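See below for the structure under consideration.
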Amino acid sequence: MLNDAQPSSSDRVSKDMEAVAALERDAELMIRVREGDGASFALLLERHRGPVHHFLLRMVQNQPVAEELAQEVFLRVYRSRGTYEPTAKFTTWLFRIATHLALNWIRDGRRERGLERLDAVLPDGGNRQVRDHRPSVEQSLVREARLGEIRQAIDSLPAKQRAAVLMHKYEEMEYSQIAATLRCSESAVKSLLFRAYEALRARLAHFAS
Amino acid sequence: MRCPSANDELEILLDHAAGKLNAQAAREFTAHLQVCGACRDLAAAQQSLWKALDSLEETPISPDFNRRLYARIEAEENSRSFASRWVGSLTARWFPFSWRPLMPAAAVCATLAAALFLQIPAPRPLMTAEEGPVQIQAQKIDADQVERALDDLDMLKQLGTPARPENAGSM
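Those sequence lines, one after another, are chains U and Y. Just so you know, the first sequence maps onto residues 876 to 1084 in my numbering. Just so you know, the second sequence maps onto residues 167 to 337 in my numbering.
Next up, the structure:
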């Protein structure tokens, strides 16, 4: 059934104001990092490492690689601290670095190597945990199979379409910000998204039934 | 409103599924969906996809992510400072004093060297057309004289008599 419940206008305004305040805080923090404040870098790391990691994980579909790339993102942020200028949104810059690293990794064709197995040992020595919300094993397997299909569908997208979808869907970026991150026009972003979602709808059409 | 699917204006469809439409746009689009089957099917498919994408949970980041990152940062900082210390120790060994005061002196030396270089006359040719045969002959005579002088010296040595340079040319 169609969901007609859209947020109220006051909800949207307050959400927008929160987003603007967060962006300004990011820029302020990064300026402090430029001035040598390590605590500000730690705050930025805590705030953004999750989204960056998840974005990279969905891009490369490989947990150890995603973590390695995420580390590289923040390493580059730290290296560039001396020359940082708040000319663009901090998240735009951050995801531009992440997208660049992910696209390079995909282009270099390393995705064939080392697809992580479900029983692989994580860097902290633990095992990968498969979250199970259902009481029965069968339902759990069905759920995991479904998630696997979704991941494969995303993985089947061309790299730039994939990046645009992930930023639009999971980072809730506006078209203009996605365009700035991918260094293309807004119309190009919309074209990427329309084609990507069309491909995903076709591939996952059986989920609706 | 214009039909989004007929006019290829699918942005409103995406915004609707994402819950980003403002109140007025949402009302207009909902009303359109009541009369347009194509948009209704498309909107339903997009919302179904949106929910499927929502269900995608990802592995959380490792607990030691920050520790490893800071270790890499520290390693980079240390190697950078080691490199600068290494270069510093090399220059200190070869230039145990500061080289800055030497700059004016180095400039003066360079100027003098350039001036001297410019004053060195061009090397004289070994012979000219006029001098050639005479010079060669003179050299030839001198060589014969020297050779004879050396033979005399050897002979005198064998005889045990100290050599007299003034007698070398008489034989």
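Beta carbons are placed, not taken as given, at the ideal position from N, Cα and C, and that holds for glycine. Remember, it's a predicted structure, so these values are computed and weren't measured experimentally.
### Message
In whole angstroms, give me the CA-to-CA distance for residue 963(U) and residue 924(U).
### Response
19 Å
#### Entry: Reference residue 937(U), options 1070(U), 984(U), 1063(U) and 902(U), closest by Cα
984(U)
### Message
Quick check on residue 305(Y): buried or exposed, where buried means 16 or more other Cβ atoms within 10 Å of its Cβ?
### Response
Because residue 305(Y) carries a pLDDT of 49, less than 50, the predicted location of this residue cannot be relied on, and the following value inherits that uncertainty. Classification of residue 305(Y): exposed, given that the 10 Å Cβ count is below 16.
#### Entry: Per-residue contacts from residue 173(Y) into chain U (C-beta, under 9 Å)
By Cβ distance, chain U contributes nothing, its closest Cβ being about 13 Å from residue 173(Y), past 9 Å.
### Query
If you draw a straight line from the C-alpha of residue 949(U) to the C-alpha of residue 1042(U), how long is it?
18 Å
### Query
Run through DSSP, which three-state label would residue 269(Y) get?
helix
### Query
Rounded to the nearest angstrom, how far is the Cβ of residue 1057(U) from that of residue 1038(U), given a contact under 8 Å?
7 Å
### Query
Which runs of the alpha helix (DSSP H) fall wholly inside the stretch 167-215 of chain Y and span at least 4 residues, in chain order?
177-184 and 189-201
### Message
Can you pull the chain Y neighbours of residue 929(U), defined as C-beta to C-beta under 7 Å?
### Response
224
### Query
Distance, Cα to Cα, residue 245(Y) vs residue 932(U)?
30 Å
#### Entry: Alpha-carbon to alpha-carbon, residue 247(Y) and residue 922(U)
30 Å
### Query
Less than 8 Å separating the beta-carbons of residue 208(Y) and residue 195(Y)?
no
### Task
Name, going along the chain, the residues of the stretch 1028-1054 of chain U whose beta-carbon falls closer than 7 Å to a beta-carbon of chain Y.
1044
### Query
Do you know whose CA, among 968(U), 939(U), 1081(U) and 940(U), lies nearest residue 901(U)'s CA?
968(U)
### Query
Is the distance from the Cβ of residue 965(U) to the Cβ of residue 1048(U) below 8 Å?
no
### Message
Contact criterion: CB-CB distance below 8 Å. Does residue 218(Y) meet it with respect to chain U?
### Response
yes
### Query
Does the beta carbon of residue 177(Y) come closer than 8 Å to any beta carbon on chain U?
yes
### Task
Name the two residues that bound the continuous alpha helix (DSSP H) containing residue 962(U).
Counting along the chain, residue 962(U) falls outside any alpha helix (DSSP H), and DSSP gives it neither H nor E.
### Query
Residues in the stretch 934-965 of chain U with C-beta within 7 Å of chain Y's C-beta atoms, listed in sequence order?
938, 942, 946, 949, 950 and 953
### Task
For my contact list, residue 927(U) and residue 945(U) are in at a C-beta cut-off of 8 Å; report their separation, rounded to the angstrom.
5 Å
### Task
Classify residue 994(U) as helix, strand or coil using the three-state DSSP reduction.
Low per-residue confidence applies at residue 994(U): pLDDT is 42, beneath 50, and the placement is therefore not dependable enough to give any value.
### Query
Can you tell which of 1033(U), 1061(U) and 1025(U) has the C-alpha that lies nearest to the C-alpha of residue 1080(U)?
1025(U)
### Query
Beta carbon of residue 930(U), beta carbon of residue 1045(U): below 8 Å?
yes
### Message
Report the CB separation of residue 935(U) from residue 980(U) in whole angstroms; it is logged as a contact under 8 Å.
### Response
6 Å
### Query
So, does the CB of residue 246(Y) fall closer than 8 Å to a CB anywhere in chain U?
no
### Query
Do you know how far the Cα of residue 270(Y) is from the Cα of residue 280(Y)?
15 Å
### Message
For the alpha helix (DSSP H) containing residue 1030(U), name the first residue and the last one.
### Response
1012-1030
### Query
Mind checking if residue 211(Y) is an interface residue toward chain U, Cβ cutoff 8 Å exclusive?
yes
### Task
Compare the Cα-Cα distances from residue 201(Y) to each of 277(Y), 169(Y), 240(Y) and 274(Y) and report the closest residue.
169(Y)
### Coil, strand or helix - residue 305(Y) by DSSP
Since pLDDT at residue 305(Y) reaches only 49, below the 50 mark, its modelled position is unreliable, and the value read off the structure follows with that caveat. DSSP places residue 305(Y) in helix when its eight states are reduced to three.
### Task
Show which residues of chain U have a CB atom less than 8 Å away from the CB atom of residue 231(Y).
924, 928, 942, 945 and 946
### Message
Between the alpha carbons of residue 1016(U) and residue 954(U), how many angstroms are there, rounded?
### Response
44 Å
### Task
Can you pull the chain U residues whose beta carbon is under 7 Å from the beta carbon of residue 234(Y), in chain order?
946
### Task
Could you have a look at residue 227(Y) and say whether DSSP puts it in helix, strand or coil?
coil
### Query
Looking at the unbroken alpha helix (DSSP H) that takes in residue 1036(U), where does it start and where does it end?
1034-1044
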